[in-house]
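For what it's worth, full-length UniProt numbering labels the leading residue of the sequence shown as 1, then goes sequentially.
We treat Cβ as the ideally placed atom computed from N, Cα and C, and that holds for glycine.
Quantities reported herein were computed from a predicted structural model and do not represent experimental measurements.
What follows is a short report on a single structure.
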Amino acid sequence: MEAAVKRFFSSPRFAVAGASTDPGKFGYKLLAWYHQHSLPVTPLNPRSPQISLPSKVYDTVPSPKSLPSPAQTSLSVVTPPPVTIQVLQEAHSVGIPAVWLQPGTFDDAVLEYANKHFEAAIAGDGGNGSEGWCVLVDGEDGLESAGVQWTTQKL
1 MEAAVKRFFS SPRFAVAGAS TDPGKFGYKL LAWYHQHSLP VTPLNPRSPQ
51 ISLPSKVYDT VPSPKSLPSP AQTSLSVVTP PPVTIQVLQE AHSVGIPAVW
101 LQPGTFDDAV LEYANKHFEA AIAGDGGNGS EGWCVLVDGE DGLESAGVQW
151 TTQKL
């Protein structure tokens, strides 16, 4: 899985499928994590045109097809499994190379699809947290393993 994490963080761009306007939801927390680590991120949210963090407003896109450079974008997913499979199918169709499926976003069918169709798919047991691989828990180690330089900024 370390090689997959390294591949994920070697992309020059990132996106969060399931990004949320609600600060209590993981979709908001994931977007905030990328922002706090000064990484170029695009939130995917078909219902809201923007997501406001305390220090920045992000314009959203409705789906992976709307990303400006999908082949250069790694995708974090925080959606329920029935939505995740649809997001992954579209992500694959536009050439997204790597996906990180947060805990609770996948079932066996989603894992099988992700492992078959992407250069790198991170999901399941492992990582430093009790619920499996999670950007919020394992992201900084992943950035270091990929040699990514980042600066921490305020939310």
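Quick check on this structure: which residue in the options has the alpha carbon closest to the alpha carbon of residue i?
{"i": "Thr-84", "options": "Thr-105, Ala-15 and Cys-134", "result": "Thr-105"}
{"i": "Leu-75", "options": "Gly-126, Tyr-113 and Val-41", "result": "Val-41"}
{"i": "Trp-33", "options": "Ala-15, Arg-47, Ala-123 and Ser-130", "result": "Ala-15"}
Using DSSP with H/G/I as helix, E/B as strand and the rest coil, what is residue i?
{"i": "Ala-19", "result": "coil"}
{"i": "Phe-26", "result": "helix"}
{"i": "Val-78", "result": "coil"}
{"i": "Pro-46", "result": "coil"}
{"i": "Phe-118", "result": "coil"}
{"i": "Trp-33", "result": "helix"}
{"i": "Phe-106", "result": "coil"}
Nearest-angstrom Cα distance between residue i and residue j?
{"i": "Ser-10", "j": "His-117", "result": "18 Å"}
{"i": "Val-77", "j": "Pro-62", "result": "14 Å"}
{"i": "Gly-132", "j": "Trp-100", "result": "11 Å"}
{"i": "Gly-127", "j": "Asp-141", "result": "10 Å"}
{"i": "Ser-52", "j": "Leu-136", "result": "19 Å"}
{"i": "Lys-154", "j": "Asp-22", "result": "18 Å"}
{"i": "Leu-30", "j": "Ser-55", "result": "15 Å"}
{"i": "Asn-45", "j": "Pro-68", "result": "15 Å"}
Short of 6 Å in beta carbon distance, which residues of its chain neighbour residue i, apart from the five on each side in sequence? Order them along the chain.
{"i": "Ser-20", "result": "Gly-27 and Tyr-28"}
Which residues share a DSSP beta bridge with residue i?
{"i": "Tyr-58", "result": "Ile-51"}
CB-CB under 7 Å to residue i, same chain, minus the five flanking residues each way: which ones, in chain order?
{"i": "Gln-50", "result": "Val-57, Tyr-58, Asp-59 and Thr-60"}
{"i": "residue 156", "result": "Residue 156 is absent from the structure shown; the chain starts at 1 and stops at 155."}
Which same chain residues, not among the five before or five after residue i, have their C-beta less than 8 Å away from its C-beta?
{"i": "Pro-81", "result": "Thr-105, Phe-106, Asp-107, Ala-109 and Val-110"}
{"i": "Glu-2", "result": "Ser-145"}
{"i": "Gln-36", "result": "Thr-152, Gln-153, Lys-154 and Leu-155"}
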